[in-house]
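To start, the structure under review is shown below, and the notes come after it.
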Amino acid sequence: MKKTIINKGIKRRTVIKSAIAAGVGLSTPYFFVQAHASSDPKVMNMYNFDGSLGEFYTEHWYKPFQEKFDVKMNFIKLKGSRVPLEKVQAQINAGKPETDLMPMHQDQVIFAERNNLAMEVDASKIPEFSNYYEKGITKYGPKMVLWCYGLAYNTELVKPAPTSWKVLWDPQYAGKVAVNEGLKDQCLQMVNLAWKGSPYPVDAETFKHLSDLRPSLVALWSGGADAEQLFRNGEIVMTPFWNGRVTKLRGEGLPLKFATPTEGFFVRSSVYGIPRGARNPEMAHEWLNWVIGAGPQKKMVEYGYGTFNKLVEHTPEEAANVIVSDPEVMKYAVSEDFNQILDNGKEWTDMWNKWKSS
Amino acid sequence: MSLNSDQNYGALWLLTPTVLLYLATFLFPLILLGVLSFAKFEASITTLGFYFDNYIKIFSDGITLKIFFQTVRLSIYITFWCLILGYPVALLMRSCSPKIKMILLFCVVSPLLTSIIVRNVAWLLILGRSGMINDTLIQWELISKPLPLMYNEFGVILAVVHVYLSFMVLPLFGALSSINSSIEEAASSLGAPFWRVFLSITLPLSLPGIMAGCTLVFILSMGVYLTPVIMGGNFILTLPMLITESVREQYDWPYASAMALMLLLAIGFMVVLSSGLQRLVSRR
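Protein chains in written order, with our numbering: chain A, 6 to 363; chain B, 4 to 287.
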């Protein structure tokens with residue numbers, strides 16, 4: 006009898022109604038949370054890096070800001086050094102970027118500009134710009150975390166100290182070196198600097214030199230943590246690397262040094278921009294103004310990366326670590342063409358993959 | 004309306020949340036993937052439309068197809084080694100006591116209980132230049148310089164087989180357990196040697212398990228990503244790596260979508276082939 010009643014009650018229309026009700030029921034908490042988050046001016050969503058740089062951000066750039074301005078910050082951890090702009094693009098197109106700020110590499114800034122992903126910042130809300138070098142200011146936000154791509158080497162096993170990228174091709178280090186797969190454009194430009202004296206063009210000759218290097222390569226590392234692991238495990242004695250990581254590893258007792266080859270090296274920085282449609286652009290401006298100030302920027306210098314803030318003073322050791330504050334060394338810095346990097350990225354990647362699988 | 008069809012509606016109602024979930028997380032993204040795969044990506048800008056450029060590129064750029072077949076080859080190797088290593092384990096599990104069976108089962112499943120990063124870092128400590136194996140062999144003076152045990156295809160296959168072995172062993176164990184042991188005992192009592200019993204009875208009757216295990220491992224291997232990145236030192240390129248790279252570095256969703264659909268079709272073809280073979284086997 007009971008079965009009959011139940012079965013009479015469940016008709017096709019009931020099923021459809023139930024489906025709609027279940028859908029609405031399941032999605033309600035999501036929309037409630039979204040609406041609540043967007044309406045709270047004291048909540049800011051941020052990206053944070055993994056590893057030691059992430060710890061630095063938390064300790065020196067996020068926590069003090071939260072305490073000083075009595076705000077809550079939610080963090081989304083990044084894997085590697087790049088914001089997944091492809092994901093951010095999808096979120097912005099859907100009208101809901103997950104964060105209020107995004108650190109962008111310079112090629113990403115061009116991509117963001119072409120696809121209208123970032124808001125122009127209101128300079129009047131960032132008075133600290135007056136203490137910033139002009140070249141560190143863009144319409145999408147300030148450039149921060151100046152880092153260099155040079156040669157990291159083990160001081161006990163690589164003698165004499167290298168002054169040229171060509172040391173990577175030295176047969177005595179065969180099987181003990183690696184190059185980066187992550188940010189491979191830098192690696193390709195490095196090969197060109199070593200053998201052609203200029204970072205461009207990336208062509209068959211570039212890959213011929215890479216092929217010459219291939220028997221010596223232990224790995225093509227993806228992120229800084231991978232390269233760190235290769236040094237720690239004794240797999241490699243030398244690799245092109247970023248200076249901040251080397252400073253950090255040296256601080257932990259690893260016998261590493263960072264060299265700036267005479268053929269040239271690269272200096273990059275990240276632009277901190279506000280995604281179009283960000284929920285809390287006011288707070289984002291507030292953070293930008295605070296973080297480019299002398300205090301937080303000095304902390305970054307202590308960590309090992311450079312700054313555009315004119316007021317930050319460097320000790321001799323800090324100056325040596327950040328590289329960019331030494332005019333003598335900066336003579337060898339080579340500028341990069343980020344439009345070319347972005348526009349040729351696909352072609353370079355195809356050539357790179359062909360080289361890898363050859 | 005009959006009682007039976009009413010009961011079917013009752014079952015449908017219970018399925019509603021699952022169907023909704025699948026619609027939202029599988030079917031809808033799949034449709035998006037299909038739409039995007041026909042879009043165009045030029046000068047960092049995606050234009051929706053009906054262009055075949057991405058599919059043409061897959062077959063003409065000289066690299067994507069090569070990497071696709073490289074992925075298939077790697078998956079075949081992994082499946083082969085899982086079968087070779089997994090079959091004896093499943094046989095042993097079938098014949099041993101329940102206690103030993105549990106221990107073996109735990110050993111087989113344990114890699115799945117470990118984080119992929121921890122597992123791969125453990126491999127670095129074992130297979131690395133200064134890892135346990137190389138250090139021991141050098142200390143015993145069996146080799147003069149470290150063997151290249153990782154950052155190559157060997158390292159990738161070893162690490163993936165280690166994890167996917169369980170996906171081979173479990174279906175095999177199920178198939179072997181369902182074999183009526185009195186048939187094998189009868190053959191033995193009639194004088195058939197062990198290898199004859201195995202080749203004529205055990206192996207043919209376990210074919211459904213072999214097919215299921217091979218299909219599972221092959222499909223999983225076609226999508227493997229992180230282990231080749233870590234253990235292959237980025238020298239071993241697979242299609243999922245190419246897809247990720249296309250999205251993450253080039254922001255080229257259309258091309259990545261086309262490659263993803265190609266991968267999906269290949270896996271679908273494998274599933275159809277496998278179920279056809281299974282039907283053939285069960286008919287015999």
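Virtual Cβ for every residue (Gly too), placed ideally from N, Cα, C.
Model, not experiment: these values are computed from the prediction.
Short CB-CB distance (under 9 Å) between residue i and chain A
| i | result |
| --- | --- |
| G194/B | no |
| N237/B | yes |
| A263/B | no |
| K69/B | yes |
| V38/B | no |
| Y54/B | no |
| L107/B | no |
| V75/B | no |
| F272/B | no |
| S249/B | yes |
| W143/B | no |
| A46/B | yes |
| L240/B | yes |
| I186/B | no |
Within 9 Å, strictly: CB atoms of residue i and residue j
| i | j | result |
| --- | --- | --- |
| L156/A | A264/A | yes |
| Y277/A | L90/A | no |
| Q176/B | M96/B | Contrary to the premise, residue 176/B reads as Phe rather than Gln in this sequence. Against a cut-off of 9 Å, the Cβ pair of M96/B and F176/B comes out as a contact. |
| N238/A | L127/B | yes |
| M243/A | V339/A | no |
| M78/A | M305/A | no |
| L266/B | G226/B | yes |
| Y393/A | K361/A | Given a span of 6 to 363 for chain A in the structure shown, any question on residue 393/A remains unanswerable. |
| Y190/B | S277/B | Checking the sequence shown, residue 190/B turns out to be Ala, not Tyr. No, Cβ-Cβ distance for A190/B and S277/B is not below 9 Å. |
| N57/B | A42/B | yes |
| E240/A | S133/B | yes |
| P266/A | W170/A | yes |
| L198/A | W353/A | no |
| L235/A | W226/A | yes |
Spatial neighbours of residue i in its chain, beta-carbon cut-off 8 Å, leaving aside the 5 residues before and after
| i | result |
| --- | --- |
| V274/B | T218, I222 |
| T19/B | none |
| I79/B | F221 |
| G228/A | K84, G85, S86, G187 |
Close Cβ partners of residue i (< 7 Å) along its chain, the five nearest in sequence each way excluded
| i | result |
| --- | --- |
| S43/A | Confidence in S43/A is poor, its pLDDT being 49 and thus under 50, which makes the residue's placement unreliable; the coordinate value appears in the next sentence. Closer than 7 Å at the Cβ level, and outside the excluded window around S43/A, lie R284. |
| A244/B | According to the sequence as given, residue 244/B is Met; it is not Ala. Closer than 7 Å at Cβ, skipping near neighbours: Y228, P231, V232. |
| H41/A | The predicted model places H41/A with a pLDDT of 47, which falls under 50 and marks its position as unreliable; any figure quoted below should be read in that light. Closer than 7 Å at Cβ, skipping near neighbours: no residue. |
| N344/A | I115 |
| L222/A | V182, A183, V184 |
| V93/A | P102, M107, L122, P280 |
| W66/A | V296, P301 |
| F36/A | Confidence is the limiting factor: at F36/A the pLDDT is only 48, short of 50, which leaves the residue's position unreliable, though a coordinate-based value still follows. Closer than 7 Å at the Cβ level, and outside the excluded window around F36/A, lies no residue. |
Cutoff 6 Å; reference residue i; Cβ partners in own chain excluding five residues on either side
| i | result |
| --- | --- |
| M135/B | I129 |
| A224/A | A183 |
| L240/B | I70 |
| P174/B | G212, A215, G216 |
| A93/B | V172, L175, F176, L179 |
Minimum Cβ-Cβ distance from residue i to chain B less than 9 Å
| i | result |
| --- | --- |
| T354/A | yes |
| S43/A | With a pLDDT of 49 at S43/A, under the threshold of 50, the modelled position of that residue is not reliable, and the figure given next carries that caveat. Closer than 9 Å: no. |
| N53/A | no |
| V223/A | yes |
| R87/A | yes |
| G239/A | yes |
| E233/A | no |
| G350/A | yes |
| E91/A | yes |
| S227/A | yes |
Per-residue DSSP class, three states only, for residue i
| i | result |
| --- | --- |
| T241/B | coil |
| P114/B | helix |
| Y80/B | helix |
| Y258/B | helix |
| E45/B | strand |
| V220/B | helix |
| K148/A | strand |
| A232/A | helix |
| Y228/B | coil |
| V38/A | Only weak support exists for where V38/A lies, its pLDDT of 47 falling under 50; the value from the coordinates is given anyway. Here V38/A sits in helix by DSSP. |
| G239/A | coil |
| V339/A | strand |
Distance between beta carbons of residue j and residue i, contact taken as under 8 Å
| i | j | result |
| --- | --- | --- |
| Y3/A | Q191/A | Given a span of 6 to 363 for chain A in the structure shown, any question on residue 3/A remains unanswerable. |
| I81/A | N50/A | 7 Å |
| F83/B | P257/B | Rounded, the Cβ-Cβ distance is 35 Å, inconsistent with contact. |
Residue i: CB within 8 Å of a non-hydrogen atom of the ligand COA
| i | result |
| --- | --- |
| P301/A | You won't find the ligand COA in this model; it holds no ligand whatsoever. |
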